[in-house]
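Student:
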Amino acid sequence: MCSWNTGCWSNTGEHNLVYCNVGSCVQRNVLGCKKFAGLLATSDMETDSSLLVSEMDQLKQEELYQQLLMQTIGGMQAPNPDSRVIRPEPGMCVKTVSLHEKQKVFVNICQSPAVPPPPHISNEELLELLQSDDPTAYRVPMSLGEPHTELDNNSQGCIAYDVVINNEFFQKCQKDPLFLQFVIAVSFEGLENKYTLELSREWKVLKNRKFLGSISEQNIRTKSKPAIQEISKQDTQAALAQAKRPEFCLLVEPPVGDPQYLIAEIQLPGVPSSRSLILDLGEDRLVLNARPSLFYLDCYFPFNIDPETSVAQYNTKTQILTVTMTVVPS
1 MCSWNTGCWS NTGEHNLVYC NVGSCVQRNV LGCKKFAGLL ATSDMETDSS
51 LLVSEMDQLK QEELYQQLLM QTIGGMQAPN PDSRVIRPEP GMCVKTVSLH
101 EKQKVFVNIC QSPAVPPPPH ISNEELLELL QSDDPTAYRV PMSLGEPHTE
151 LDNNSQGCIA YDVVINNEFF QKCQKDPLFL QFVIAVSFEG LENKYTLELS
201 REWKVLKNRK FLGSISEQNI RTKSKPAIQE ISKQDTQAAL AQAKRPEFCL
251 LVEPPVGDPQ YLIAEIQLPG VPSSRSLILD LGEDRLVLNA RPSLFYLDCY
301 FPFNIDPETS VAQYNTKTQI LTVTMTVVPS
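See the structure below:
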């Protein structure tokens with residue numbers, strides 16, 4: 001089957017845990033408990049001087065409590081052996097806009113030796129790969145940070161994202177314009193897939209600024225998942241069960257006489273970009289998957305088609321996918 005897939009791979013990292021102190025809200029909830037109030041009432045009724053502890057005993061109990069508290073917090077904050085916290089170095093700042101919100105977006109492409117480098121590839125091999133049928137075979141490890149609001153030079157609000165790649169690979173991109181355009185395109189696509197947004201491809205690398213905002217730490221995985229994972233039949237069926245069957249119609253051109261083209265118009269409300277779509281065409285079959293588990297369509301045609309000469313176009317305004325397929329003469 002002929003397949004279109006514009007997805008890219010990225011190591012999105014992990015979310016940091018937030019630890020909260022026992023504050024007044026928790027204290028009020030405990031003191032407001034009826035069982036606790038009953039215990040207080042009982043202790044008031046049975047007060048005896050022999051039960052009162054001395055000031056020295058109170059200090060010992062306080063020290064013991066602090067030791068137990070520190071042990072508990074230390075256990076909660078034990079580092080994950082499969083992850084580590086890094087502070088990336090600034091690299092370059094890329095300016096663009098979000099197509100739907102028409103808002104300025106800055107992508108901080110940072111560098112760190114903690115992120116593994118991608119496989120070595122030459123300039124010629126990269127060109128050949130980009131022109132091949134499956135450009136997604138080359139993967140660039142990267143960590144995609146959470147969005148944060150900043151102010152631009154005009155004190156206007158904007159959104160910034162931090163992308164971390166290997167430092168040696170970053171230096172290679174700085175020296176080669178082809179790799180520079182490639183890593184920016186991969187970063188944009190990774191952010192689009194993770195945060196369901198659409199960025200303009202008219203971007204600009206800022207000359208006098210390597211980073212917008214302040215550099216924050218990122219928690220990245222050091223133990224990668226296996227490249228090949230066995231997906232159970234139950235997991236596949238569960239994912240397909242969550243996806244909806246989209247509304248669609250099939251048109252034959254010309255409507256009278258021998259058909260030359262078969263046109264499928266598929267309605268995909270909620271899909272922001274064609275980058276979320278995986279379309280497969282066979283001799284008499286169309287399979288469409290809208291990630292993540294939004295829509296799934298598998299239909300057969302009354303005619304044989306030529307997948308190699310078929311074209312697909314997605315309208316982001318109407319959110320309709322139009323697939324024009326050439327009918328093979330019978």
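Numbering-wise, full-length UniProt numbering puts 285 at position 285 of the sequence shown, and it's gapless, one number per residue. By construction, the Cβ of each residue, glycine as well, lies at the ideal position given by its N, Cα and C atoms.
If I measure Cβ to Cβ from A114 and keep anything under 6 Å in the same chain, skipping five residues before and after, which residues do I get?
Tutor: Same-chain partners within the cutoff: I86.
Student: Taking its Cβ as the centre, do 16 or more other Cβ atoms sit within 10 Å of Y195, making it buried, or is it exposed?
Tutor: It is exposed - the Cβ of Y195 has fewer than 16 other Cβ atoms within 10 Å.
Student: Could you tell me the distance, in whole angstroms, from the CA atom of residue 331 to the CA atom of L268?
Tutor: Outside the modelled stretch of the chain, which goes from 1 to 330, sits residue 331, for which no answer is possible.
Student: Roughly how many angstroms separate the alpha carbons of V22 and N219, rounded to a whole number?
Tutor: Note that V22 scores a pLDDT of 28, beneath 50, so its modelled location is shaky; the value from the coordinates is reported in the next line. So the alpha carbons of these two residues sit roughly 25 Å apart.
Student: By Cβ distance, which residues of its chain are closer than 6 Å to D284, with the 5 residues on each side in sequence left out?
Tutor: Correct list, in chain order: Y300, F301 and N304.
Student: Once DSSP output is grouped into helix, strand and coil, what is the label at G91?
Tutor: Strand.
Student: Looking at the unbroken beta strand (DSSP E) that takes in I266, where does it start and where does it end?
Tutor: Y261 to Q267 is the span of the beta strand (DSSP E), which, as asked, contains I266.
Student: Put R245 into one of helix, strand or coil per three-state DSSP.
Tutor: R245 falls in the coil class under three-state DSSP.
Student: Check whether the Cβ atoms of V271 and L199 sit closer than 8 Å, and answer yes or no.
Tutor: No, Cβ-Cβ distance for V271 and L199 is not below 8 Å.
Student: Work out the CA separation of W203 and S96 for me, nearest whole Å.
Tutor: In the sequence as presented, Ser is not what sits at residue 96; that position holds Thr. T96 and W203: Cα-Cα distance of roughly 5 Å.
Student: As an exercise, report each continuous beta strand (DSSP E) stretch of at least 3 residues that is fully enclosed by the UniProt domain "PIH1D1/2/3 CS-like" (258-328), in chain order.
Tutor: Qualifying beta strand (DSSP E) stretches, in chain order: 261-267, 277-281, 285-290, 295-300, 305-315 and 320-327.
Student: I need the boundaries of the alpha helix (DSSP H) containing S187, first residue and last residue.
Tutor: Counting along the chain, the alpha helix (DSSP H) containing S187 begins and ends at P177 to Y195.
Student: Under 6 Å Cβ to Cβ from V287, same chain only, skipping five residues before and after it: list those, please.
Tutor: Excluding sequence neighbours, V287 sits near D280 and D298.
Student: L212 to E146, Cα distance in whole Å?
Tutor: C-alpha separation (whole angstroms): 14 Å.
Student: Does K102 come out as helix, strand or coil in the three-state DSSP assignment?
Tutor: Here K102 sits in coil by DSSP.
Student: Can you round the beta-carbon distance between S112 and E89 to whole angstroms, since I take them to be within the 8 Å contact cut?
Tutor: Correct: roughly 6 Å between the Cβ atoms.
Student: Of the choices G282, Q313, E308 and S273, whose alpha-carbon is the least far from that of L294?
Tutor: It is S273.
Student: From the DSSP output, read off the bridge partner residues of L251.
Tutor: For L251, which the question treats as bridged, DSSP gives the partners I263.
Student: Taking the continuous beta strand (DSSP E) assigned at E150, which residues delimit it?
Tutor: Element bounds for E150: H148 to L151.
Student: Residues in its own chain within less than 7 Å of S276 by CB, not counting five upstream and five downstream?
Tutor: So the qualifying residues of the chain are A290 and R291.
Student: Return the bridge partner residues of R84 from the DSSP annotation.
Tutor: According to DSSP, R84 bridges with I220.
Student: Say the cut is 7 Å; is the CB of L197 nearer than that to a heavy atom of the ligand HEM?
Tutor: Absent from the structure shown: the ligand HEM. Ligands present: none.
Student: Going by the beta-carbon positions, is the gap between L126 and F179 smaller than 8 Å?
Tutor: Against a cut-off of 8 Å, the Cβ pair of F179 and L126 comes out as a contact.
Student: According to the neighbour-count rule (16 or more other Cβ atoms, all chains shown, within 10 Å of its Cβ), is P119 buried or exposed?
Tutor: Burial call: exposed.
Student: By DSSP, does L144 sit in helix, in strand, or in coil?
Tutor: If DSSP states are grouped into helix, strand and coil, L144 belongs with the strands.
Student: For I266, I'd like the list of residues in its chain whose CB is within less than 6 Å of its CB, leaving aside the five on either flank, ordered along the chain.
Tutor: Counting only Cβ-Cβ distances below 6 Å, and skipping sequence neighbours, we find P246, F248 and L321.
Student: Skipping 5 residues on each side, what residues in its chain have a beta carbon closer than 6 Å to that of F170?
Tutor: Contacts found: G91 and Q111.
Student: Quick check: the Cα distance between L197 and E101, rounded to an integer number of angstroms?
Tutor: Using only the alpha carbons, I get a separation of about 9 Å.
Student: Measure from the alpha carbon of A264 to the alpha carbon of each residue in I109, Q313 and K172, then state which is nearest.
Tutor: Taking only the C-alpha atoms, the option nearest A264 is Q313.
Student: What first and last residue would you give for the alpha helix (DSSP H) that runs through N154?
Tutor: No alpha helix (DSSP H) holds N154; DSSP gives it neither H nor E.
Student: Can you give the Cα-Cα distance for E168 and T324, rounded to whole angstroms?
Tutor: In a straight line, the C-alpha of E168 is about 44 Å away from that of T324.
Student: Straight-line CA distance for R139 to S132?
Tutor: Their backbone Cα atoms lie some 15 Å apart in a straight line.
Student: Measuring alpha carbon to alpha carbon, tell me which residue in P329, S214 and G157 is nearest G257.
Tutor: The shortest Cα separation from G257 among P329, S214 and G157 belongs to P329.
Student: Report the option in P141, S122 and S214 whose CA atom is closest to the CA atom of D176.
Tutor: Among P141, S122 and S214, the Cα nearest to that of D176 is on S122.
Student: To the nearest angstrom, report how far apart T326 and L144 are at their CA atoms.
Tutor: Going by the C-alpha atoms only, they are around 41 Å apart.
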